[in-house]
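Residue numbers (our numbering): 13 to 203.
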Amino acid sequence: MAELEGLLAELETVNAEVAQSRERLAGLQGVTLEELTHWDELWPTLNFPARELDSHLGLAVEHDRFRDSTRFRFDLPVMLNDVALVTVVFWVIEDGRVEACERPPVSVDVLIADDRVQPVSEVLFLADSGSIECRETAGTLRTEPGFAIYTPDLLRLAASNAAEGRINGIEFRISPQALRGLRAFAARLRP
Numbered sequence: 013m014a015e016l017e018g019l020l021a022e023l024e025t026v027n028a029e030v031a032q033s034r035e036r037l038a039g040l041q042g043v044t045l046e047e048l049t050h051w052d053e054l055w056p057t058l059n060f061p062a063r064e065l066d067s068h069l070g071l072a073v074e075h076d077r078f079r080d081s082t083r084f085r086f087d088l089p090v091m092l093n094d095v096a097l098v099t100v101v102f103w104v105i106e107d108g109r110v111e112a113c114e115r116p117p118v119s120v121d122v123l124i125a126d127d128r129v130q131p132v133s134e135v136l137f138l139a140d141s142g143s144i145e146c147r148e149t150a151g152t153l154r155t156e157p158g159f160a161i162y163t164p165d166l167l168r169l170a171a172s173n174a175a176e177g178r179i180n181g182i183e184f185r186i187s188p189q190a191l192r193g194l195r196a197f198a199a200r201l202r203p
């Protein structure tokens, strides 16, 4: 009986550690525990684009041998009057040396890589299917706030025929070439 009680106590400790890990993960990704719980059921139903091998689309897949992780990054040049204004960076990090995410992330980090528009207070996109708002997260290694976009919203944006965006009230159009690059990035988010 004492052995059974010991096993039950150990099981409770493990369950508490798992719950804490899930809460920490949810906090890091900026999602609720409910969203994280239902993600395993949701992601297989999402429509990911086919994988392209075009490296000229702004997609970077970089392995960090020191951390043994792979970073998938897409740089979206935001054009205003045919002059590059800022770069919107979409990125996600996966453990190990991989060609694609083993499990799609709940959300993708978004960074505005230009000090001329700091601090960033809003990041919005307009796709065929409606408005998409990036939510503010705890931030990155930099001091300004970070943003994230839910993977289903990123897929809606990537699948659109035409898309626009707005950063701090500055509106821009996303070129067809940039949408192809975003699709190539989104294709790497699934196994």
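The beta-carbon is built from N, C-alpha and C at its ideal position, and this holds for glycine as well.
CB contact flag (residue i, residue j, <8 angstroms)
i           : j           : result
residue 84  : residue 55  : no
residue 175 : residue 138 : yes
residue 201 : residue 172 : no
residue 124 : residue 179 : yes
residue 186 : residue 120 : no
residue 91  : residue 197 : no
residue 163 : residue 118 : yes
Per DSSP, the bridge partner or partners of residue i
i           : result
residue 74  : 83
residue 121 : 103 and 160
residue 56  : According to DSSP, residue 56 bridges with nothing at all.
residue 89  : 99
residue 148 : 159
Buried or exposed by the 16-neighbour rule on C-beta atoms within 10 Å, applied to residue i
i           : result
residue 116 : buried
residue 109 : exposed
residue 25  : exposed
residue 189 : exposed
residue 168 : buried
residue 39  : Note on residue 39: pLDDT 46, under 50, position unreliable in the model; no value is reported.
residue 82  : buried
residue 114 : exposed
residue 177 : buried
residue 140 : exposed
Assumed close pair residue i, residue j - CB separation to whole angstroms, cut-off 8 angstroms
i           : j           : result
residue 194 : residue 170 : 5 angstroms
residue 98  : residue 126 : 4 angstroms
residue 70  : residue 86  : 6 angstroms
Next on the checklist: Quick check on the DSSP output: what are the complete alpha helix (DSSP H) runs of length 4 or more inside the segment 157-203, in order along the chain?
Outcome noted: 163-171 and 188-199
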